[in-house]
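First up is the structure itself, then whatever we jot down about it.
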Amino acid sequence: MVSAVKIAVVGGGYGAKVVLPVLCELEEFEPVAVWSRRPDRARELADEAGVALGTTDLDELLGVPGLEAVHVATPVTMHADVSIAAAQRGLHVLCEKPLATDLAQARRVAAAVAEAGVVGAVNYGRRFQVARGRLIERVREVAGEPRMVLVSLVHSDHAEPGSRPFTWVQDAEMGGGRLQGYGVHDLDLLLEAFGPIEAVAVATEVGVPERADADGAVRVVTAEDTYTILMRFTGGGLAVVSLVATAHHKRGDVIEVYGSGGTVKLDADRRLWWGRADGELTCEGPLEASSRAAYARVARNFWSAIRDGAPPDPSLDEGLRVQAVLDAVHRADVERRWVEVREMT
Numbered sequence: 410m411v412s413a414v415k416i417a418v419v420g421g422g423y424g425a426k427v428v429l430p431v432l433c434e435l436e437e438f439e440p441v442a443v444w445s446r447r448p449d450r451a452r453e454l455a456d457e458a459g460v461a462l463g464t465t466d467l468d469e470l471l472g473v474p475g476l477e478a479v480h481v482a483t484p485v486t487m488h489a490d491v492s493i494a495a496a497q498r499g500l501h502v503l504c505e506k507p508l509a510t511d512l513a514q515a516r517r518v519a520a521a522v523a524e525a526g527v528v529g530a531v532n533y534g535r536r537f538q539v540a541r542g543r544l545i546e547r548v549r550e551v552a553g554e555p556r557m558v559l560v561s562l563v564h565s566d567h568a569e570p571g572s573r574p575f576t577w578v579q580d581a582e583m584g585g586g587r588l589q590g591y592g593v594h595d596l597d598l599l600l601e602a603f604g605p606i607e608a609v610a611v612a613t614e615v616g617v618p619e620r621a622d623a624d625g626a627v628r629v630v631t632a633e634d635t636y637t638i639l640m641r642f643t644g645g646g647l648a649v650v651s652l653v654a655t656a657h658h659k660r661g662d663v664i665e666v667y668g669s670g671g672t673v674k675l676d677a678d679r680r681l682w683w684g685r686a687d688g689e690l691t692c693e694g695p696l697e698a699s700s701r702a703a704y705a706r707v708a709r710n711f712w713s714a715i716r717d718g719a720p721p722d723p724s725l726d727e728g729l730r731v732q733a734v735l736d737a738v739h740r741a742d743v744e745r746r747w748v749e750v751r752e753m754t
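Position in the sequence shown counted from 1, then plus 409, gives you my numbering.
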């Protein structure tokens, strides 16, 4: 018999779309409460999931009898405060990415978790998608030292003013933007596959400047929906990571790795190609890239860290390394210059 962890979900966006449904399916967890900023949404989510408590009161949620853990899926600006409050109550913390708004806050989270002696993890789940997981494996096998890495994401979900309502995701002051939604996953991928990043240069844009919110009021979009990041790895080699969320015709993600030892490519149809420098490319796939399946792996790792004492995976240390690069990305965007990651640490 599996000893289920009683867990609460803090957040009604991604928390409702992926986290809560997956946790309800896993025998390793027993969801007991959900939090949302809107009372009607909190009650709706609780009813849909068969969870006893839906609330807008964070203290009430953290005080549920028998509660052992929380998944923090709030707007980014709330990550640190909620994670720290949970840790101080002796609760294990699985936090969404990025860990906080900046490295100083992220370090506060890590310190609170360490002081409380609880498990802390961060949800860099895209690396656990089968397609990206296999890419990392092949990179380690054949790529060698990186010479050029290209990551290109073309999405159409923000292409029109009415394609998505205005939420915190379009609000820079709340930590919104596609960098927090997708870019951090790609930074995590590069750090996992190739190690430290030395410096970054960045350009961001807002392609659709206005959106209506749920009440029909027109709001100004302040968080980027398009970006390009140029990076130099500490040991040599370059990477370019780009995303456009306002394309009228979407395309699957494309990742290309050209290294001293060979080539690895994940094409738009999720077919993986690889080959050593002296051989032809081999293909496998298409490979699965389910967000729910990836999150289930993250959640099971979290359970193993709580019940079996396994190392958290992804760990808060991995969250901190991405946060340092993200801080450099934000500064490079504002100051329009190359920024060394060590400047942020």
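We treat Cβ as the ideally placed atom computed from N, Cα and C, and that holds for glycine.
Would residue i be called buried (16 or more neighbouring beta carbons within 10 Å of its own) or exposed?
i: G424; result: buried
i: V414; result: buried
i: E633; result: buried
i: K506; result: buried
i: T672; result: buried
i: R620; result: buried
i: V743; result: exposed
i: T655; result: buried
i: M399; result: Beyond the ends of the chain as shown, which are 410 and 754, falls residue 399; an answer cannot be given.
i: A705; result: buried
i: P448; result: exposed
i: G755; result: The structure shown does not extend to residue 755, since the chain is modelled only from 410 through 754, so no value can be given for it.
i: R587; result: buried
i: V436; result: As written in the sequence, residue 436 is Glu, which differs from the Val given in the question. Answer is exposed; the Cβ neighbour count stays below 16.
i: S572; result: exposed
i: A626; result: exposed
i: A623; result: exposed
i: V630; result: buried
i: S445; result: buried
With distances taken Cα to Cα, identify the nearest neighbour of residue i among the options.
i: G475; options: A442, D717, L735; result: A442
i: A496; options: A513, V473, Q514, A520; result: A520
i: D466; options: A494, E477, K506, A648; result: A494
i: A540; options: Y667, V663, D726; result: V663
i: A417; options: K659, G625, K426, L432; result: L432
i: E693; options: D678, R706, S713; result: D678
i: G645; options: S492, G670, I606, L681; result: I606
i: F537; options: L729, S713, A708, R716; result: A708
i: A714; options: V531, G422, V473, A489; result: V531
i: V731; options: G604, W444, L500, R573; result: G604
i: R543; options: A489, A698, E749; result: A698
i: V419; options: E469, E434, L652, I545; result: E469
i: R628; options: E665, P574, G592, V649; result: P574
i: V481; options: V473, A509, L454; result: A509
i: D676; options: V560, D511, A623, R716; result: V560
i: V650; options: L690, Q514, W712, G592; result: G592
i: D376; options: K674, R587, G670; result: A query on residue 376 cannot be resolved here, the shown segment of the chain reaching from 410 to 754 and no further.
i: Y667; options: L725, L690, R452; result: L690
i: Q589; options: V411, V558, L652, W683; result: L652
i: L600; options: N710, Q514, L647, W682; result: L647
i: K674; options: V630, T631, V558, S412; result: V558
i: F438; options: W712, R746, T754; result: W712
i: I545; options: N710, W683, V411, R745; result: W683
i: Y533; options: A703, E434, R516, T464; result: A703
i: M410; options: R716, T754, R746, R745; result: R716
So, residue i versus residue j, is the Cβ gap smaller than 8 Å?
i: V734; j: L596; result: yes
i: R685; j: V551; result: yes
i: V393; j: A602; result: Only positions 410 to 754 of the chain appear in the structure, and residue 393 is not among them; the question remains open.
i: F642; j: P695; result: no
i: A737; j: E752; result: yes
i: P570; j: V528; result: no
i: V491; j: V522; result: no
i: R535; j: H594; result: yes
i: R701; j: V427; result: yes
i: R740; j: V748; result: yes
i: L512; j: L725; result: no
i: A451; j: G422; result: no
i: L429; j: L454; result: yes
i: E477; j: L500; result: yes
Run the proximity test for residue i: is its beta-carbon closer than 7 Å to any non-hydrogen atom belonging to the ligand GTP?
i: G459; result: Absence of the ligand GTP from the depicted structure is noted, as is the absence of any ligand whatsoever, leaving it without description.
*asked:* Three or more C-beta pairs under 8 Å: does that hold for the stretch 600-617 against the stretch 626-638?
replied: yes
Query raised in the report: Can you list, in chain order, the stretches of the beta strand (DSSP E) that have 3 or more residues and sit fully within the stretch 682-748?
Result: 691-693
So does the stretch 476-496 actually touch the stretch 448-466, counting three or more Cβ pairs closer than 8 Å? no
Self-check item: Touching by the beta-carbon criterion (3+ pairs, under 8 Å), the stretch 648-667 and the stretch 557-576
Solution: yes
- Task: Inspect the CB distances between the stretch 571-580 and the stretch 714-724 and report whether three or more fall short of 8 Å.
- Result: no
Exercise. Which parts of the stretch 578-666 are runs of the beta strand (DSSP E), unbroken and 3 residues or longer, counting only runs that do not cross its ends?
Worked result: 606-614, 619-621, 627-629, 635-642, 647-653
Runs of beta strand (DSSP E) wholly within the stretch 422-454 (minimum 3 residues, chain order): 438-444
Requested in this report: Let me know the alpha helix (DSSP H) ranges lying completely inside the stretch 485-570, each 4 residues or longer, listed in chain order.
Outcome: 488-497, 512-525, 539-547
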